[in-house]
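In the UniProt record's numbering, the protein residues as written are 1 to 160.
Note that the Cβ used here is the ideal one computed from N, Cα and C, for glycine as well.
Data first, discussion second: the structure below is written as structure tokens.
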């Protein structure tokens, strides 16, 4: 079995085992092979990151809600704030990593219009996730980048 096939097979196994961080690692390896992904490969790529980021987004929402319920200055509030910041750092790292992979390895190699649209949508989604927990200039920048990705123009296909 070729390397690409092995990586895809391992990503499927990781998905079945619910090991989404491992699944993401396999799909990052595939993306770094600089290949135009098939529909199945795109799906695995998306699902791995969606599950990895989804758990962290849910954690962030819970912690933010708890933080708002605790009186300012209480020890518990400070502990929640520190933990929420840790989760935000993880979210930021995952979002920035996927955005980098999409920009460097996925969009430049996407030949089919469907692939281009798919990766622009993913790009918009991950900038939107950044905007959910960011503040100030960072929030505005992420929201603007998200909107630009969703509105990206797809070049017309040349048919011979």
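Check residue 92 in the structure and name its three-state DSSP category.
Helix, per DSSP.
Option in 39, 29 and 12 with minimal Cα separation from residue 111:
39
Starting from the Cα of residue 131, find the closest Cα among 146, 80 and 150 and give me that residue.
146
Please confirm whether residue 122 and residue 59 have their CB atoms less than 8 Å apart.
Cβ distance not < 8 Å, so residue 122 and residue 59 don't count as in contact.
If you drop the 5 nearest sequence neighbours on each side, which residues of the same chain put their C-beta closer than 7 Å to that of residue 51?
20
Exposed or buried, residue 53, counting other C-beta atoms within 10 Å across all chains shown (16 or more means buried)?
buried
Out of curiosity, what's the CA-to-CA distance linking residue 44 and residue 14?
10 Å
Shortest alpha-carbon distance to residue 34 belongs to which of 129, 103, 140 and 126?
103
As assigned by DSSP and simplified to three states, the class of residue 47
In this structure, residue 47 counts as helix in the three-state DSSP scheme.
Is the CB-CB distance between residue 28 and residue 101 below 8 Å?
yes
Work out the CA separation of residue 48 and residue 161 for me, nearest whole Å.
Coverage of the chain is limited to positions 1 through 160, which leaves residue 161 absent and any answer about it impossible.
Counting C-beta neighbours from all protein chains within 10 Å, is the total for residue 96 16 or more, i.e. buried, or is it exposed?
exposed
Check each candidate in 153, 118 and 86 and name the one with the smallest Cα separation from residue 36.
118
Measuring only the C-alpha atoms, how far is residue 1 from residue 133?
C-alpha of residue 1 to C-alpha of residue 133: approximately 43 Å in a straight line.
What three-state label does DSSP hand residue 70 in the structure shown?
coil
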